[in-house]
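Report on one structure; see the data block that follows.
Numbering (the working numbering), first residue to last: 1 to 442.
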């Protein structure tokens, strides 16, 4: 029977998935709210609908006789895929009852603590704890983060700085700020739109160490590591979360960290009941232990190609195996080497101040370099950019080298020589000072 496949998402990241599905003989239907999504050009049929409209898309699935559904690279797409599949009676690797474990970070942290795994200190807090200035506003002792002082010696309901504060229901980085003192928390509550906060926020301690990106596949309940990368970040200013400027595959710490992260994910999926499908984790490695930031039942966007560049495994092929030919997929993973060979990196250029692009010649030149294997600019000269937007990045460039030393040198060269100038000659790009940014765990 021909697979009639619903693919949620039509942006650039989904194009290869649609092409590969077509090459397998699948009838492909794509759907999201982006009427101009480039993946639409390759699909048999496309619908424009808000992915959160579960009833409408379930009806589309019934109309098109859909018998398989897939997506990736986005938390909201994953959640909606699960809900649509359940509503339309389509098989899916995850069930609605699993969603809190993968979509609610507070639930994730609770599960991790139950499993004895390390997570940052965190808690919900209310504006009145910080703004009224009375003892009655302070939390009870059992609400304090572990390790904090008790009693009446301090009016500070939070003891761990620096910390990240953000609205409870925020997505992405909306309203997020790094705070260093009680006064900065009070300033955040005074200055943040109450429509965004509703008087509440999440406080979380800032993790230390090398950030790692972990991608894996669950096959019959067993976790198979697919890739492990170093997520490189640098400071823009003291109140902004560190900016991701490169992801490097494989991690410098692969041999030490790979068995640890695999064991963590194995414990987690056993707790959630996930038997099949992708699972990914962002975490921090301090040289001795892992602190977990996020666990998701999807792959990472804007870097999934790097797994293929180093290991030969296409994550799109794996996702299609999952819904089209599970036995073939298991065979594909049986011989997989997650460390791979050579080194691949995604370099992410980010705009950090508003302006009109006048000259981006040095960015475009990156595509001509011999190590370049992928290049995706988001802007052209004359476009307006702002602080972190409007596109997710200014440009994304993929490089391959024979080893990590060559890649580190390549990244330094890019960050030292690439510029984007505005109409007044101002620099529009974030250019991290790598002399001040450790490229490895000390």
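Beta carbons are placed, not taken as given, at the ideal position from N, Cα and C, and that holds for glycine.
Item: What does the alpha-carbon distance come out to for the pair residue 125 and residue 209?; Value: 26 Å
Item: Which residue marks the beginning of the beta strand (DSSP E) containing residue 126, and which one marks its end?; Value: 122 to 126
Item: Could you tell me which of 227, 387, 54 sits nearest to residue 314, measuring between CA atoms?; Value: 227
Item: Measuring straight from C-alpha to C-alpha, what distance separates residue 362 and residue 434?; Value: 19 Å
Item: State the beta-bridge partners of residue 386 as determined by DSSP.; Value: 389
Item: Check whether the segment 248 to 259 touches the segment 319 to 334, counting contact only when three or more Cβ pairs, one atom from each stretch, lie closer than 8 Å.; Value: no
Item: Assign residue 84 to one of three DSSP states: helix, strand, or coil.; Value: helix
Item: Taking the alpha-carbon of residue 191 as reference, which of 21, 411, 127 has the nearest alpha-carbon?; Value: 127
Item: Are the segment 249 to 267 and the segment 177 to 188 touching by the rule of at least three beta carbon pairs closer than 8 Å?; Value: no
Item: Which value, in whole angstroms, describes the spacing of the CA atoms of residue 99 and residue 427?; Value: 42 Å
Item: Can you tell me which of 415, 270, 340 puts its alpha carbon nearest to the alpha carbon of residue 310?; Value: 340
Item: Could I get the ranges of all uninterrupted beta strand (DSSP E) runs contained in the segment 330 to 391, with 3 residues as the minimum, in chain order?; Value: 343 to 349, 355 to 359, 372 to 377
Item: Please report how far the alpha carbon of residue 407 lies from the alpha carbon of residue 18, in whole angstroms.; Value: 31 Å
Item: Looking at C-alpha atoms only, which residue of 66, 77, 284, 22 is the closest neighbour of residue 301?; Value: 77
Item: Would residue 446 pass as a contact of residue 33 if the rule is Cβ separation under 7 Å?; Value: No information on residue 446 is available, as it lies outside the stretch 1 to 442 that the chain covers here.
Item: Okay, do the segment 384 to 400 and the segment 327 to 338 touch, 3+ Cβ pairs below 8 Å being the bar?; Value: no
Item: Can you give the Cα-Cα distance for residue 410 and residue 233, rounded to whole angstroms?; Value: 16 Å
Item: Hey, how far is the Cα of residue 204 from the Cα of residue 103?; Value: 17 Å
Item: Could you please give the first and the last residue of the uninterrupted alpha helix (DSSP H) stretch that includes residue 398?; Value: Element bounds for residue 398: not the alpha helix (DSSP H) but the beta strand (DSSP E), 395 to 401.
Item: Let's test the definition: count the other Cβ atoms within 10 Å of the Cβ of residue 402 and tell me whether it reaches 16, buried, or not, exposed.; Value: exposed
Item: Starting from residue 177, trace the beta strand (DSSP E) both ways and give me its first and last residue.; Value: 177 to 179
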